[in-house]
Every structure is written in structure tokens, then in C-alpha cells.
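Have a look at the structure below before the remarks.
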Amino acid sequence: IFWFLPPCLFLLSLSTHPFSFSPTLSCPRGDSAGQILGVYDEKDYRRIRFVDRQKEVNENFAIDLIAQQPVNEVDHRIIACDGGGGALGHPKVYINLDKETKTGTCGYCGLQFKQQHH
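Note that the sequence shown covers residues -18 to -1, 1 to 100 in mature numbering (1 follows the signal peptide of the UniProt record, and there is no 0).
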């Protein structure tokens, strides 16, 4: 029944405990900090980190940043992507560039590759 309500009216409460956490799909106050960080009750001890401060939210979401990356042109049919390697990377995946789309996208990091024809 709740999924028929508009997003601005749909608030999800996980418990009725005095120190409960209520994530919101759309914050009634209109700030994005409430949408991302959640809304805590007035008596909740976890609000202490926001006393005398304003909630800070990084507006640079990963999906927007990866969309700004140009398509990498490579000269091989199959490319291996490890996300930069080392501890900051991801498991190595092999991407086949012989598809109809002619571009391959890494499922972990979202980088796109295109075969450069000679």
C-alpha cells in the first residue's frame, strides 16, 4: 500500500525504539543531507556529530563522475580491467570488445573501452 504514495510522503521507520533511525526516500525539509544521511530522532545519541554543525554532503556522486570519463581507445580485442591495480582496484575482469555495441564497460568501476581500428 505504501508504494502507491508519492515519494515526498513515504517515510520508512525501522523501529519504534527511542533511538531509532528513519531513512527517508524524500526528505520533507527538502535538504539532500536528510536524504543521504538519514533523519535521526531528537533523543538519538547519534545526533551528537551534528551538534553546532551543518550536515555536509559530497554532491559528486560516483555515477556522475564516471560518466564524465572519456572512452578509452585500445588496440586489442580483449582488454583486462583491474580498476587501477593494487589495493585501490578491483578483481581483474576481461572485457570482450567484439560486440555489436563496439564499447565494453567494466562491471566494477564503470570504465568504458573501445577498440581502435587501424
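We put the beta carbon where it would ideally sit given N, CA and C, even for glycine.
query                                                                                                                                                : result
What is the rounded straight-line gap between the Cα of LYS84 and the Cα of LYS96?                                                                   : 6 Å
Which first and last residues belong to the beta strand (DSSP E) in which ILE60 is found?                                                            : 60 to 63
GLN36 to ASP46, Cα distance in whole Å?                                                                                                              : 24 Å
Secondary structure at TYR90, three-state DSSP: helix, strand or coil?                                                                               : coil
Let me check you understand the geometry: is the CB of ARG29 closer than 6 Å to at least one non-hydrogen atom of the ligand NAP?                    : What this structure holds is no ligand at all, so the ligand NAP is not there to describe.
Under 7 Å Cβ to Cβ from GLY71, same chain only, skipping five residues before and after it: list those, please.                                      : ASP64, GLY65
Under a Cβ-count criterion, where at least 16 other Cβ atoms within 10 Å of its own Cβ denotes burial, should VAL33 be classed as buried or exposed? : exposed
Under a three-way DSSP split, which group does PHE43 fall into?                                                                                      : coil
In whole angstroms, what separates the C-alpha of HIS58 from that of ASN42?                                                                          : 32 Å
Using the C-alpha atoms, what's the distance from ILE77 back to GLY89?                                                                               : 9 Å
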